[in-house]
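Here is the structure we will look at.
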Amino acid sequence: MSTKIQPPIAKIIPHELEKHGHVRIDNYYWLNDRENPEVIDYLNKENDYYNQSTAHTKDFQKDLFEEMKARIKEDDSSVPYFYNGYYYITKFEKGKDYPIHSRKKGSLEANEEIMFDCNEMAKGHSYFNLNGISISEDNKWVSFGVDTVSRRQYTIQIKNLETNEVLPLKIDNTTGGATWASDNNTLFYSRKDEVTLRPDRIFKHKLGTNPSEDVVVYFEKDDTFNVSIYKSKSRKYLIISSESTLTSEFQILLSVTPDEKFKIFQKRTRELEYSISHYEDSFYIVTNKDDATNFKVMKTPEDKTSKENWVDLIPHREEVLLEGIDIFKDYLVVSERFDGLNKIRIMPWSGEGEYYLPFELETYTAYTTTNIDFDTEILRYGYQSMAIPSSVIDFNMHTKEKTILKEQEVLGGKFDKNNYIEERIWATAQDGTKIPMSMVYRKGVELNGKNPFLLYAYGSYGMTMEPYFSTTRLSLLDRGFIYAIAHIRGGEDMGRMWYENGKLLKKKNTFTDFIDCSKHVIAEKYTSEEHLYAEGGSAGGLLMGAIINMTPELYNGVIAQVPFVDVVTTMLDETIPLTTGEYDEWGNPNVKKYYDYMLSYSPYDNVKEQDYPNLYISTGLHDSQVQYWEPAKWVAKLRVLKTNSKQLFMDTNMDAGHGGASGRFESLKEVAKEFSFLLDLEKIKN
Numbered sequence: 001m002s003t004k005i006q007p008p009i010a011k012i013i014p015h016e017l018e019k020h021g022h023v024r025i026d027n028y029y030w031l032n033d034r035e036n037p038e039v040i041d042y043l044n045k046e047n048d049y050y051n052q053s054t055a056h057t058k059d060f061q062k063d064l065f066e067e068m069k070a071r072i073k074e075d076d077s078s079v080p081y082f083y084n085g086y087y088y089i090t091k092f093e094k095g096k097d098y099p100i101h102s103r104k105k106g107s108l109e110a111n112e113e114i115m116f117d118c119n120e121m122a123k124g125h126s127y128f129n130l131n132g133i134s135i136s137e138d139n140k141w142v143s144f145g146v147d148t149v150s151r152r153q154y155t156i157q158i159k160n161l162e163t164n165e166v167l168p169l170k171i172d173n174t175t176g177g178a179t180w181a182s183d184n185n186t187l188f189y190s191r192k193d194e195v196t197l198r199p200d201r202i203f204k205h206k207l208g209t210n211p212s213e214d215v216v217v218y219f220e221k222d223d224t225f226n227v228s229i230y231k232s233k234s235r236k237y238l239i240i241s242s243e244s245t246l247t248s249e250f251q252i253l254l255s256v257t258p259d260e261k262f263k264i265f266q267k268r269t270r271e272l273e274y275s276i277s278h279y280e281d282s283f284y285i286v287t288n289k290d291d292a293t294n295f296k297v298m299k300t301p302e303d304k305t306s307k308e309n310w311v312d313l314i315p316h317r318e319e320v321l322l323e324g325i326d327i328f329k330d331y332l333v334v335s336e337r338f339d340g341l342n343k344i345r346i347m348p349w350s351g352e353g354e355y356y357l358p359f360e361l362e363t364y365t366a367y368t369t370t371n372i373d374f375d376t377e378i379l380r381y382g383y384q385s386m387a388i389p390s391s392v393i394d395f396n397m398h399t400k401e402k403t404i405l406k407e408q409e410v411l412g413g414k415f416d417k418n419n420y421i422e423e424r425i426w427a428t429a430q431d432g433t434k435i436p437m438s439m440v441y442r443k444g445v446e447l448n449g450k451n452p453f454l455l456y457a458y459g460s461y462g463m464t465m466e467p468y469f470s471t472t473r474l475s476l477l478d479r480g481f482i483y484a485i486a487h488i489r490g491g492e493d494m495g496r497m498w499y500e501n502g503k504l505l506k507k508k509n510t511f512t513d514f515i516d517c518s519k520h521v522i523a524e525k526y527t528s529e530e531h532l533y534a535e536g537g538s539a540g541g542l543l544m545g546a547i548i549n550m551t552p553e554l555y556n557g558v559i560a561q562v563p564f565v566d567v568v569t570t571m572l573d574e575t576i577p578l579t580t581g582e583y584d585e586w587g588n589p590n591v592k593k594y595y596d597y598m599l600s601y602s603p604y605d606n607v608k609e610q611d612y613p614n615l616y617i618s619t620g621l622h623d624s625q626v627q628y629w630e631p632a633k634w635v636a637k638l639r640v641l642k643t644n645s646k647q648l649f650m651d652t653n654m655d656a657g658h659g660g661a662s663g664r665f666e667s668l669k670e671v672a673k674e675f676s677f678l679l680d681l682e683k684i685k686n
């Protein structure tokens, strides 16, 4: 890196923040204003600095992009699924960034009806995302949501599939999702608060009327809850869901009577979580009722839905996390997790001959997918591992025959899954807990402490990080990298208590688990401090910020994508999207014990004068999940306080939000930037 290129230094404007009698001085609070030209100027200067400093890698980035793109089947399509008389297909065409959604009536040999060509719809937009496709029961109408800014504020529109006319109405500031009642004339949807972007209202729209006349069916007053609406798989019920981190509540209404009032299924009770599925004359409930930490399945008559009527169907088990159910005419399919791995359990309603699908690998991911049809013996599920591309499989639950409908193709002629080794290894945390890691690398790698090693983790919200296959990752593996996912606490990888022990006043377990995994792979000579890299995004970016404050010497480089690093200030600002709904995850800093604990690990608040690893930090100007100013302030503070000359880059996408670029190939350019950062540090030039 040329010494002539000087990094931008953000100006200091001290801003006093006081809480619980404690005062913090935030020198970069002024960056919290995307309308301020000086803020935009600073972000542009950081981008210029990044681009100039990495100019020598630009050709390599292009090569990496082309290499990754060449592995992807450009003219690809999904496995069709059958619903209400039609086969539905999503496909991509060669050279195009966006999907085409189509359907065929009755048979895969029937004429193709194009519902949406997102390539045409995206023209003129630097960002485009379509979601929430919902089709009326008479197959005539489809509602859909469009976001062209990347703040996840979707505009709902309606299309007549018989005439291909898109109706003139536009319903703004929604989640994009909507649900048709059985009359094919009434559409229910959820709308967001303009400031916090919390979905807080359910509206009812009648075809042919102006959206200004739409009726509010339900308003969620509690600002820690989000609302949505959907239809049961049986199509009998419309269901309003109110969810917070720890509590749920549902309301139900017969789909044939959309103008009646919804009735409460079971009123909210703090820390009672449940979800509902309807079948015949009963509801099936996945719940933590009666201290069922890892959840159980209960059953209740459809006319007696309050919890005193619920009876156990599958009892709670200490060692098995019950993740969900799929209901069929003759079978109940249960998704479970045991010892960190997925299990799919097939239970005939007859009560005879239940079994588990056989999976043989040491580490893998298996999951039920699109199972919309009741009256079938076929279960559709997905399967993959870190070395085996993803497959979509139809499994006959009666004959136990399986048909691989599609295996992800890796083009380019160089990939052979037999060239890679997968392992699951265990690190010991500070408190003695065993932490699993899923790992993949090329055969022939020697454990001599000299291998470049990328360790990834997330570790929040009870989200499990599955060992998944990635075609882009091959660009690192084939250049000698070892890649691993650390299944740290804060996720739900090893059951519900894994999550409970990595949040609120136990959040630091998430950080120390990652550090202990890092130390383990160094001790076992997979790598060394000179060659170890860490990566995490969003709440995983918080993890990255915490570990480099705590143990910067362990890592040569760190990638932090859209990092949530200004924890205390953000959690005290109830106008920021998502904040109030997060109190059950991080704690409410208006309560002093949570304020003090957050302050003790908040990455931005704990930047200090010390050496830091090489850092590549990315963000999006329009991010609604983690506002751009969090990484901007963090970088500004690091620039002044870090005591070494290692790289510090901030790369802001001025057109995108939390998920980055929207096109399937544009996003590869962002991956190429990250990989070139790592490979450049390893002095790997091609």
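In full-length UniProt numbering, the protein residues as written are 1 to 686.
Ideal placement from N, C-alpha and C gives every residue a C-beta, glycine not left out.
- Gly541 sits in a helix when the DSSP states are folded into three classes.
- Burial is judged here by how many other beta carbons sit within 10 angstroms of a residue's own beta carbon; Val591 has fewer than 16 and is exposed.
- Ranking Thr247, Leu238, Tyr381 and Asn288 by CA distance to the CA of Val256 puts Leu238 first.
- Taken through DSSP and simplified to helix, strand or coil, Gln627 comes out as coil.
- Close CB contacts of Ile576 within its chain, under the 8 Å cut and outside five residues either way in sequence, are with Thr196, Thr570 and Gln627 (chain order).
- When DSSP assignments are scanned along the stretch 154 to 229, the uninterrupted stretches of beta strand (DSSP E) that are 3 or more residues long and fall wholly within it turn out to be 154 to 160, 171 to 180, 186 to 192, 199 to 206 and 215 to 219.
- In this structure, Gln561 keeps its C-beta atom at 8 Å or more from the C-beta atom of Phe469.
- Around Leu43, the same chain offers Thr652 as residues with beta carbons nearer than 6 Å, after the five sequence neighbours per side are excluded.
- In this structure, DSSP gives Lys296 an extended state, which the three-state scheme calls strand.
- Here Gly462 is near Gly491, since their CB atoms are less than 8 Å apart.
- Residue Gly480 holds the alpha-carbon nearest to the alpha-carbon of Glu682 among Trp634, Thr643, Gly480 and Ser275.
- When the alpha-carbon of Leu599 is set against those of Ile684, Ser136, Ile482 and Glu18, the nearest one is in Glu18.
- Counting the other Cβ atoms within 10 Å of the Cβ of Asp147 gives 16 or more, which makes it buried.
- In the DSSP assignment, Gly132 is bridged to no other residue.
- Here the alpha carbon of Gln266 sits roughly 39 Å from the alpha carbon of Val166.
- Taking 8 Å as the cut-off, the beta carbon of Leu454 is found no closer than this to the beta carbon of Leu313.
- Per the C-alpha coordinates, the member of Thr619, Val521, Glu582 and Gly587 positioned closest to Gly541 is Thr619.
- Judged by DSSP secondary structure, Thr245 falls outside any alpha helix (DSSP H); it is assigned neither H nor E.
- Put simply, the backbone Cα of Glu336 is about 32 Å away from that of Val671.
- When Phe328, Asp193, Trp426 and Asn210 are compared, the shortest CA-CA separation from Ser234 is found for Phe328.
- A residue is called buried once 16 or more other Cβ atoms fall within 10 Å of its Cβ, and Phe144 is buried on that count.
- The stretch 600 to 607 and the stretch 130 to 143 do not touch, with fewer than three beta-carbon pairs separated by less than 8 Å.
- Going by DSSP, Trp426 is part of the beta strand (DSSP E) stretching over Tyr420 to Thr428.
- Following the DSSP letters along the chain, one finds Trp141 inside the beta strand (DSSP E) bounded by residues Trp141 to Asp147.
- Counting only residues of its own chain and dropping the five nearest sequence neighbours on each side, Leu332 has a CB closer than 7 Å to the CB of Ile325, Met347 and Trp349.
- Just so you know, the alpha carbons of Thr472 and Thr464 end up roughly 21 Å apart.
- Ala427 and Ala523 have their C-alpha atoms some 10 Å from each other.
- The stretch 116 to 131 and the stretch 93 to 108 touch, with no fewer than 3 CB-CB distances between them shorter than 8 Å.
- Lys417 is positioned such that its CB atom lies no closer than 8 Å to that of Ala457.
- Per DSSP, reduced to three states, the secondary structure at His520 is helical.
- Around the Cβ of Ala484, a 10 Å sphere holds 16 or more other Cβ atoms; the residue is buried.
- By the 16-neighbour rule on beta-carbons within 10 angstroms, Arg151 is buried.
- Per the C-alpha coordinates, the member of Val521, His316, Glu585 and Ala486 positioned closest to Gly536 is Ala486.
- Ranking Asp680, Glu529, Ser667 and Arg345 by CA distance to the CA of Lys69 puts Ser667 first.
- Assignment of beta-bridge partners to Ala366 by DSSP yields Tyr383.
- Around Glu407, the same chain offers Pro389 and Ser391 as residues with beta carbons nearer than 7 Å, after the five sequence neighbours per side are excluded.
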